[in-house]
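Enquirer: Can you read through this structure? Questions will come right after.
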Amino acid sequence: MIAEGYSVSELTKAAGITRQAYYKWLKHKPSKREIEESEIHQLIKQLENEISKVLAMTR
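Numbered per the numbering used here, the sequence shown spans residues 99 to 157.
Below, the structure is given as structure tokens:
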């Protein structure tokens, strides 16, 4: 969006957050726990997809 002519100030104001919060989020590096939770979430989604396929085949 910044490339489309909007400034960070305009975008953060529209989103209802401060510029400081945006820059803090931008520089954030995920913790080990956040990475693990993300991996678990992905595995759960894969299992859901596989189960859905199996259920669809049995119908």
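Here a beta-carbon is modelled for each residue, glycine too, at the ideal position from N, C-alpha and C.
#1: For His-139, name the three-state secondary structure that DSSP assigns.
#2: Which two residues bound the contiguous alpha helix (DSSP H) that contains Thr-116?
#3: By DSSP, does Ser-105 sit in helix, in strand, or in coil?
Expert: Quick look at the numbers:
#1: For the purposes of this step, residue 139 is identified with residue 41 of the sequence shown, where counting begins at 1. Of the three classes helix, strand and coil, the one that applies to His-139 here is helix, per DSSP.
#2: Counting from one through the sequence shown, the residue named residue 116 turns up at place 18. Taken as a continuous stretch (DSSP letters only), Thr-116 belongs to no alpha helix (DSSP H), as it is neither H nor E.
#3: One-based indexing of the sequence shown puts residue 105 at position 7. DSSP places Ser-105 in coil when its eight states are reduced to three.
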